[in-house]
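When you read off a place in the sequence shown, starting at 1, and then add 533, the result is the number in our numbering. I have placed the structure first, in the form of structure tokens, so that the comments after it can refer back to it.
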Amino acid sequence: MTLTVDLNSDMGEGFGPWPMGDDESLLKIVTSANIACGFHAGDADTMSKTMALAVENNVGIGAHPGFDDLQGFGRRQMEVPHATLANQIRYQVGAAQAMARSVGGEVRHLKLHGALSNMACTDEAMARACYEAALDVAPDIIIMGLAATAMETVARDLKCKWAGEIFADRAYNADGTLVDRRQPGAMIHDPAEAARNMIEMVKAGAIITGTGERLETRIDTICVHGDSAAALTLSKSVREGLESAGVTLHAFTGAPLS
């Protein structure tokens with residue numbers, strides 16, 4: 534059986550005249566783009582430009598909502614009532630839909646950003662509030678979430694479309710969550726190491742943690758963060774490595790979990 538996987542990156546995270554990451558080059562490598570919706574980063578012009586480039590390169594567009602925290606880039610944990618959080622998700626997804634349509638595209642998927650994502654990985658109630666809110670606005674949206682976590686549990690219960698995600702540039706804890714960025718070894722900077730890890734995980738159908746655990750899960754997509762200096766090199770290495778190993782790169786279908 535031919536193995537197929539999607540390659541995604543977070544982008545559109547500049548603001549005004551200040552760009553972040555080489556989105557234009559990344560969009561020639563990835564198959565899906567998670568585009569900031571203005572709360573943790575991005576603005577209307579940045580969203581429009583990034584989405585237009587995604588359409589031009591036939592890259593799937595995703596809404597990438599985060600906490601309302603421009604100063605902290607959405608990477609600070611925040612205590613937000615779930616009703617408020619749900620409204621913030623609806624607001625951001627709605628904005629993404631409008632901007633995508635204006636450039637001839639559509640929002641295929643949703644991926645939570647930063648601290649919001651990290652918290653939802655272990656908090657089913659938070660994940661549910663976010664996902665139900667997104668589905669209110671876009672019933673057919675594909676939920677992209679960290680495979681083998683509370684996100685997957687909630688998506689299975691909601692019977693929504695799902696894309697299980699692993700990370701090429703991050704290390705994993707034993708429970709399948711990401712090692713805190715502040716910890717030594719949390720970030721993977723070596724392109725060859727990133728490619729090797731992704732080939733092994735995709736072929737095994739499992740997340741392989743830093744301590745050797747294998748967490749079997751459905752792997753639909755691989756993320757390389759677009760805001761890192763090594764994003765372009767890492768993305769190229771991962772894509773070329775996977776293709777050399779016989780893995781086909783293609784946008785995910787979003788099949789619901791069984």
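We put the CB at the ideal spot given by N, CA and C, even for glycine.
| query | result |
| --- | --- |
| Inter-stretch contact at 8 Å, needing at least 3 Cβ pairs: the segment 595-607 / the segment 707-725 | no |
| Residue from Ala-763, Ser-761, Gly-743 and Met-734 whose Cα sits closest to the Cα of Glu-749 | Met-734 |
| CB contact flag (Cys-654, Ala-631, <8 Å) | no |
| Backbone secondary structure at Ser-581 - three-state DSSP | helix |
| Bridge partner(s) assigned by DSSP for Lys-644 | Met-677 |
| Residue nearest to Gly-743 in terms of C-alpha spacing, selected from Ile-752, Ala-764 and Asp-713 | Asp-713 |
| Same chain, Cβ closer than 8 Å to Arg-623, neighbours up to 5 away in sequence not counted | Ala-666, Ala-667, Asp-669 and Val-670 |
| Backbone CA spacing between Asp-576 and Ser-635 [nearest angstrom] | 15 Å |
| Backbone CA spacing between Ala-662 and Ala-688 [nearest angstrom] | 11 Å |
| Distance between Met-720 and Thr-766 (C-alpha atoms, nearest Å) | 15 Å |
| Expected contact under 8 Å - CB spacing of Lys-694 and Pro-789 to nearest Å | 6 Å |
| Chain-order list of residues whose beta-carbon lies under 8 Å from that of Arg-641 (same chain, five-residue window excluded) | Ser-565, Gly-593, Ile-594, Gly-595, Ile-674, Ile-675, Ala-784 and Gly-787 |
| Range covered by the beta strand (DSSP E) that runs through Ala-566 | 565-569 |
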